[in-house]
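Heads up, the thing below is written out as structure tokens.
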Amino acid sequence: MPGTGVTRIARVSLKVASFLRNPFSFLFARSSKEEAVVAYLLREHGAGRRVDEILEDPYVKNRLSPEQQKRMLSRADLIKALSDQDR
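Residues are numbered in the working numbering as their position in the sequence shown, beginning at 1, plus a constant of 669.
This is how it looks when you write it as structure tokens:
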């Protein structure tokens, strides 16, 4: 296929350039599971449930380890969204 090799090389070079700009970005990357749990947490909290109660749900426990939950709860964007819902 014409152009496939060039496209592949361009994609690889973009990934390498991105890595070189921030070689530790993987330490701060958010997983799709974490994003799904954040959405669930905000939805349930918006419906009136307490955060500690939501964290005990099987949906949360099956997707994030206790360590991942702690990291998620330290996110400034999540804290702000939860406090905005309390108003």
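All C-beta atoms in this analysis are idealised placements derived from N, C-alpha and C, irrespective of residue type, glycine included. Given the structure is predicted, the values throughout are model-derived calculations rather than measurements.
*Do V729 and V706 have their C-beta atoms closer together than 7 Å?*
For this step, residue 729 is matched to residue 60 along the sequence shown. For this step, residue 706 is matched to residue 37 along the sequence shown. Cβ atoms of V729 and V706: closer than 7 Å.
*Thinking E703 and Q754 are a contact (beta carbons under 8 Å), I'd like their distance in whole angstroms, please.*
Numbered from its first residue, the sequence shown carries residue 703 at position 34. Numbered from its first residue, the sequence shown carries residue 754 at position 85. That belief does not hold up - the Cβ atoms of E703 and Q754 are roughly 19 Å apart, past 8 Å.
*Should V729 be flagged as near chain D, meaning a C-beta pair shorter than 7 Å?*
The question asks about chain D, but that chain is absent: this structure has only one protein chain.
*Under a three-way DSSP split, which group does E713 fall into?*
Residue numbering aside, residue 713 sits at position 44 when the sequence shown is read from its first letter. Note: E713 maps to helix in three-state DSSP.
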